[in-house]
DNA sequence: CCTACTGTTATACGCACGAATAATTTATGG
DNA sequence: CCATAAATTATTCGTGCGTATAACAGTAGG
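What follows is the structure, given as structure tokens:
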């Protein structure tokens, strides 16, 4: 009986591969269905490696959560490119909303993962800390976008007011993202981007169309209705 | 060694007691930490009863979820009493917002339970069905409230428009409810009710104060702050 | 080419789980 | 007050889990 042949991987590659396999398992089978054996099978290795790289299953799962949140917030921020000579604030905010309410962020997998881990916040301060950090980053980023838009429109933009607006818009995004990802079928979720943009304009007191209400995006073609694919897309 | 003395309970009482013990366990230990032995210990009975009343642990958990959602939606609807001679629509909507963004609905336990089960939707159509029904009920109720308010203010209230408004406000409530319940400490969650009311006024295009922005509720005293304080903890 | 190192596999152990079955107690109706 | 059914307990069984340990194999330096 011969041993399995294997490949030595760099430390970070192996760790990353195990974390991604973990997220795949949690998304596919839930936390309770995620076992060390399944994770390592998904990653194509044997169970012993979990101990070798993370010490325990719990540690692996915590690291996988931090990895996921890092990806989510990074992608959310990237969608609105705030460069030195970036687009005007209104368009940045618009892209931010779009980025959160279309594929790939609007995904049943992602919201499922996200919710599963939220359920752990109460039982382990580590999860709470990761969540808090991600939320803070998201909120502050949004607050800066809001401030820029208000300035451009000559509206009052003192600190507390911007923060209140950011909290409300963030709530709106979160709620729509969740229900849209779960896709209960009560409405076509393709309406969400427009709906969020219009709602944001009203929340900020902007004139209708200030964020470019019509159509999905300046450069994208009109047919966005096509259902996004990616049934089992792993976080890359 | 003598046997444990026990009490015969009516079928529904026993079932309910087991479902509540299940929710307690899930909230306290997560789904993966919820075992038949723990559930029945919490309920003060022996593990055999799970099989007797629900057939299996999985069935028990599904029933517990349905029970939870039933409670949540019922309480949400009750908070705005829509009787024959109930209060004006604006106050009903206001109470609805308040009911969802103050204790006891704004609770870490509840959002933790809720998220845990959301994570199961993808793996079992039963959970998806329960969620869909609860969401539909919530949304339709909200839509009716919105319609009433728009009519009272002489604003356009055709069907599609009301629905869009309801979707947005529902998203807002969901998002604020979640982050507020998790209480990451980035802001005092006592500001949420006012914030939501103001945001809803803007979303619907109502004049400021139309929903009664000042103070928590007509009958409640001004000091609502006394509850959980948790002042803005400064991360870093 | 050898040797030391460590990433990786293979195997085993102890434990807690869900479920099934048997024994016993409570309630009910004539 | 007894007989009978149903509710509840007590115990057992097999399984899969997380983890620990030892054997093996790929890799690098001399």
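Protein chains in written order, with the working numbering: chain A, 1 to 236; chain B, 1 to 236. From the three backbone atoms N, C-alpha and C, an ideal C-beta is built for every residue, glycine too. Because the structure is a prediction, the values reported are computed rather than measured.
Under the Cβ distance rule, residue 122 of chain A counts among the residues neighbouring chain B, one pair being separated by less than 8 Å. Distance from residue 150 of chain B to residue 93 of chain B at the Cβ level is roughly 10 Å; contact not present, criterion being Cβ atoms closer than 8 Å. Taking 4 residues as the shortest admissible run, the region 31 to 117 of chain A contains the following complete alpha helix (DSSP H) segments, listed from N- to C-terminal end: 36 to 43, 48 to 54, 57 to 79 and 89 to 101.
From the beta-carbon of residue 116 of chain B, the residues of chain A found nearer than 9 Å are 31, 115, 116, 118, 119 and 120.
Judged by beta-carbon spacing, residue 111 of chain B lies within the 8 Å limit of residue 181 of chain B, meaning their Cβ atoms are closer than that value.
Linking residue 113 of chain A to residue 30 of chain A through their CA atoms gives a straight-line distance of about 8 Å.
One alpha carbon belongs to residue 171 of chain A, the other to residue 143 of chain A, and they sit about 13 Å apart.
Against chain A, the CB of residue 153 of chain B has no partner CB under 8 Å away; the residue lies outside that interface.
With 16 or more neighbouring CB atoms inside 10 Å of its own CB, residue 183 of chain B falls in the buried class. Here residue 80 of chain B is not near residue 152 of chain B, since their CB atoms are 8 Å or more apart.
For the C-beta of residue 94 of chain A, not a single chain B residue is nearer than 7 Å; the gap to the nearest is close to 16 Å.
In the three-state scheme derived from DSSP, where H, G and I count as helix and E and B as strand, residue 7 of chain A is classed as coil. The CB of residue 178 of chain B comes closer than 7 Å to the CB of 174 in chain A, given here in chain order.
One alpha carbon belongs to residue 56 of chain A, the other to residue 50 of chain A, and they sit about 6 Å apart. Judged by beta-carbon spacing, residue 139 of chain A lies within the 8 Å limit of residue 166 of chain A, meaning their Cβ atoms are closer than that value.
Taking 9 Å as the Cβ-Cβ cut-off, the region 198 to 215 of chain B approaches chain A at 198, 199, 202, 203, 204 and 205, given in chain order. Non-local beta-carbon contacts of residue 163 of chain B in its own chain, meaning distances under 7 Å to residues more than five positions away in sequence, involve 143 in chain order. Pairing residue 65 of chain A with residue 130 of chain A gives a Cβ-Cβ distance under 8 Å. Counting only Cβ-Cβ distances below 7 Å, residue 168 of chain B has contacts in chain A at 172, 195 and 199, in chain order.
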